[in-house]
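Peer 1: Quick one: structure below, then a few questions.
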Amino acid sequence: MRDGSGAGAILAGVDSLARGIQDHPRWPGRGTRRRIAELEEQMAVLRAAAASLQTAISEHATHEDVATARAMLDLARSLARVTKPKEVAERLAEAVPGIAGVERASVWFWDPKAGLLRGQAVNGYGKEVAEIFVGLEIKPEHTPELERLVAEPQPRFYSAETEDPFVRAMFAAGGSAGAFLVPIVEEGTFVGLISVDSTAEQPIRVDEAARERLNAVAEQAAAALKNVRLVRDLKRSEERVRHQAYHDPLTGLPNRLLFEDRLEAAVASARRHQHRLALMFVDLDRFKSVNDSHGHQAGNSLLQQVAKRLRDCVREEDTVARVGGDEFTVLLPRLTRVADSVTVARTIRDSFQEPFKVGAVAVQVSLSIGVGVFPDDGDTSDLLLKISDQAMYRVKEKGRDGFRFHVEPAEV
C-alpha cells in the first residue's frame, strides 16, 4: 500500500521551511546562525519521524495500523507548519484521540518563569469542562504530583481513587474515571504534558502500542515547541537587525536611510492626493563648543535630549530623523495650510528657550531651521532636501537661532 497523503510531502515541507529560512534576504549573524543550526536539528527529528511512519505503512499493515500511521503523518505535517505554542497544543489535542484510540485528550504547557502548568487545548470534553481546563493554572503547591512530574518526567496513570485531593477534584470536574499522562520533555527538561482520559462508562485502555504512539507524539511536540521558539527568536533577531539598519543608535530616531524612504513616500502621496507637505532641515547652533567644553559624553547626552524635545513638538504621524552629527530633519507629511508648518517651526524654536541639563551643567543651545514646502518650493524629494538645507544656511548667515522658508509665506 502506498502512502497517498505522503510522508514525502512532509519531508518536502520540512526541507522547504529550512531552505526558506536560510535563503532569507536578511541572513542573520553568528548568534542567529547557531539558532538556525538548532532549528535544522529539529527539522531532522521531524524528517526522521515522517520517514519512520512512512516505513510503517506497508502492504502488511492492518487497516487500523494504516489509519493510525496516517494520523501520525498528518500531525507531523501540521506541526511542521505551526508558528505559535497555542497552535502546537491545538494540533496535538485534535490528533491524539485518533492516534491513541481514546475519546478525550488535553494538552498542558509548563511555564518555567511562573512555575506553573497551564491548560492549552482540549478535545472530547463538553463546553463547560473546556472552559475550566483551557487557561487553568496548576502550581506545585496545589499538588505534589506536579512537582514530582516536573522533577521526574515519566508517563503516569492516575485513577479517580487517587489519594491526592487536587487530582480527585480535577477528575470530578472533568467527569473522568482515570487519566494517562505523557510528559513532553525537551533535552531532559519538562515542558508540558499530554493527558488522555476516560469516563466511567468508557474505561481508559492504553496498551503498549498506544503508549509508544503517545511517546512518539510527545517527542514530536517537544520538537515542534523548540521549532516555534527558534523561529520566534529568528524573527526577533531579524527585527532587531532591521531596526538597527534604519535607526540612529544614539537617539533611536530614524536615520538618513529610513528618512529618505519616508520622504519619497510622502512626496508620492502628496502628489497623488494633491496636498502639501513640509520638510525642515534642523542644525544645532555651536554644538562643537558643547563637545569641546563639556566632553563627548556630554555632547551625546545633549543630542539624546534634543531628539526627545523635537519629537515632543510634532505629531505621531510626523517623522523626526537624525541625518548627521548635529543635523536633524522634520517631515510633516500632510499639511492643511502652509501656516501649520510655520506654527511647528515656531514651536520647535520656542521649546529650545529652556536650557538642557547635561550632567550638573545647564546648557543653552539654539537651532537654525530651513523649511521647504511641497509643491510650492519643490516637487521632488531631492529638491526639497536641497532647498531646505539652503534655507537653513541662510539662517546661519543671519545670526542663527531662527527659521527660514525657501519662499517666505505671509504668516512669517
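Heads up: the sequence shown begins at 839 in the numbering used here, then just goes up one per residue.
Quick reminder that beta carbons are idealized off the backbone N, C-alpha and C, glycines included.
Hey, would you say A1183 sits closer than 8 Å to P1193, going by beta carbons?
Peer 2: no
Peer 1: Check whether chain C comes within 8 Å of E932, counting only Cβ atoms and requiring the distance to be less than that.
Peer 2: Judged by its chain identifiers, the structure shown contains no chain C, having just a single protein chain.
Peer 1: Give me whichever residues DSSP pairs with M1118 in a beta bridge.
Peer 2: V1168 and V1209
Peer 1: Which value, in whole angstroms, describes the spacing of the CA atoms of D1086 and N1093?
Peer 2: 5 Å
Peer 1: Could you tell me which uninterrupted alpha helix (DSSP H) segments, each at least 4 residues in length, are contained entirely in the stretch 962-1001, listed from first to last along the chain?
Peer 2: 965-971 and 982-989
Peer 1: Taking Cβ to Cβ, would you say I937 is nearer than 8 Å to T981?
Peer 2: no
Peer 1: For my contact list, V1168 and D1178 are in at a C-beta cut-off of 8 Å; report their separation, rounded to the angstrom.
Peer 2: Contact between V1168 and D1178 is absent: CB atoms are separated by about 12 Å, not below the 8 Å threshold.
Peer 1: Could you pull out every unbroken beta strand (DSSP E) segment of at least 3 residues lying fully inside the stretch 901-954, listed in chain order?
Peer 2: 942-949
Peer 1: Note down the Cα distance separating V1023 from G1013, rounded to an integer number of angstroms.
Peer 2: 28 Å
Peer 1: State yes or no: is the C-beta of P991 within less than 8 Å of the C-beta of P1021?
Peer 2: yes
Peer 1: When DSSP labels each residue in this structure, what does K1146 get in the three-state scheme?
Peer 2: K1146: helix per DSSP, three-state reduction.
Peer 1: Taking only three categories from DSSP, how would you classify G1216?
Peer 2: In the structure shown, G1216 sits in coil (DSSP, three-state: anything other than H, G, I, E or B).
Peer 1: F995: buried (16+ other C-beta within 10 angstroms of its C-beta) or exposed?
Peer 2: Burial call: exposed.
Peer 1: In chain order, what residues of the same chain have a beta carbon less than 8 Å from the beta carbon of K1236, not counting five sequence neighbours either side?
Peer 2: R1242
Peer 1: Are the beta-carbon atoms of S944 and A933 separated by less than 8 Å?
Peer 2: no
Peer 1: Quick check on D1215: buried or exposed, where buried means 16 or more other Cβ atoms within 10 Å of its Cβ?
Peer 2: buried
Peer 1: DSSP state of V1066, grouped into three classes?
Peer 2: helix
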